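Visitor: Have a look at the structure that comes next, please.
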Amino acid sequence: MGSWIPFTRGIQFSSSEDPVLYLKDPDGMSRDERRKMLDKLAELNDMSYKEFGDPEINTKVQQYEMAYRMQTEVPDIMDLSKESDDTVKMYGPDCLVPGTYAANCLLARKLSENGVRFVQLYHRGWDQHGDLPNQMAMQAKDVDQASAALITDLKQRGLLDETLVIWGGEFGRTNYSRGKLDVKNYGRDHHPRCFSIWMAGGGIKSGMVYGETDDFGYNIVKDGVHVNDFHATVLNQLGIDHEKLTFKSRAADTALPM
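Numbering (our numbering), first residue to last: 210 to 467.
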């Protein structure tokens, strides 16, 4: 939301009437009164800083100002009623229902558009050990259109080249059946060996597929990517040298001297 201080802790939005809790001014206090109070508080803190030179004083002032910017900007960003009919059609009708994945994708575009540096979306319920035909159809309906719309929307607004989109899960899934085996009900198990992640924007080469599994989708047969290498690639696209964040340590199974 504008010029937020980088590397602050993330905020989890709620689908309730108040997307960010405790953001509203208390009853009886107007926005002008809040602004005047913060200005006076900043003057007092500045006097203290000049006397003691403690940098934490300025940090507190910045936190107060960040909270005020959230108060003034969050309500407008969270308001999806001003989106065009074409935008709603692109994301799907669920994008106007708070808390849905489609609404979160649309919100992610608005947050990125307003300078938020990191946005994370969750879509739960992928643990299909059974009833895969029904559940997977519903999951795909939830995420496919909205995910494609987010990419398209970022691109048409000139944001995709500077926004790195990463889509993935926590582990892979076997492509063979688990549990019941009939036309209407079967499942899959966890698969630690290989699974797919896709990225878009942020300087990523489009249309490229890297890595290959065997015919059963079980073992890696070509160009395997370790999670550390994947992280290094992501950090590189963000302009960060991953080696500056790498620290050597003992392996977890190394015996320590008694």
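C-beta atoms are modelled at their ideal positions from N, C-alpha and C, and glycine is treated no differently. Just so it is clear, the structure is predicted and the values come from calculations on it, not from any experiment.
1) Please say whether Arg-387 and Phe-404 have beta carbons closer to each other than 8 Å?
2) Within the same chain, show all residues whose beta-carbon is closer than 6 Å to that of Glu-452, passing over the 5 residues directly before and after it, in chain order.
3) Hey, quick one: how far does the beta strand (DSSP E) through Val-430 stretch, first residue to last?
4) Taking Cβ to Cβ, would you say Tyr-273 is nearer than 8 Å to Leu-253?
5) For Thr-422, list the residues DSSP reports as bridge partners.
6) Enumerate in chain order the residues of its own chain whose CB-to-CB distance from Met-467 is below 6 Å, with the five nearest sequence positions on each side excluded.
7) Output the distance between the C-alpha atoms of His-435 and Tyr-427, rounded to the nearest integer angstrom.
8) When the distance is taken between beta carbons, is Leu-341 closer than 8 Å to Gly-396?
9) Could you give the C-beta distance for Gln-354 and Met-345, rounded to a whole number, given that I count them as a contact under 8 Å?
10) Would you tell me roughly how many angstroms separate the C-alpha atoms of Ser-212 and Gly-324, rounded to the nearest one?
11) Give the straight-line distance between the Cα atoms of Met-417 and Leu-232, rounded to the nearest whole angstrom.
12) Starting from Val-374, trace the alpha helix (DSSP H) both ways and give me its first and last residue.
Guide: The relevant details are as follows:
1) For Phe-404 and Arg-387, no; Cβs fall outside 8 Å.
2) none
3) Val-430 -> beta strand (DSSP E) spans 429-431.
4) no
5) Ile-429
6) Model confidence at Met-467 stands at a pLDDT of 43, short of 50, so the residue's coordinates are unreliable and nothing is read from them.
7) 16 Å
8) Yes.
9) The pair is not a contact, with the Cβ atoms about 15 Å apart (cut-off 8 Å).
10) Note on Ser-212: pLDDT 35, under 50, position unreliable in the model; the coordinate value appears next. Cα-Cα distance, rounded: 7 Å.
11) 44 Å
12) That residue, Val-374, is in no alpha helix (DSSP H); its beta strand (DSSP E) goes 373-376.
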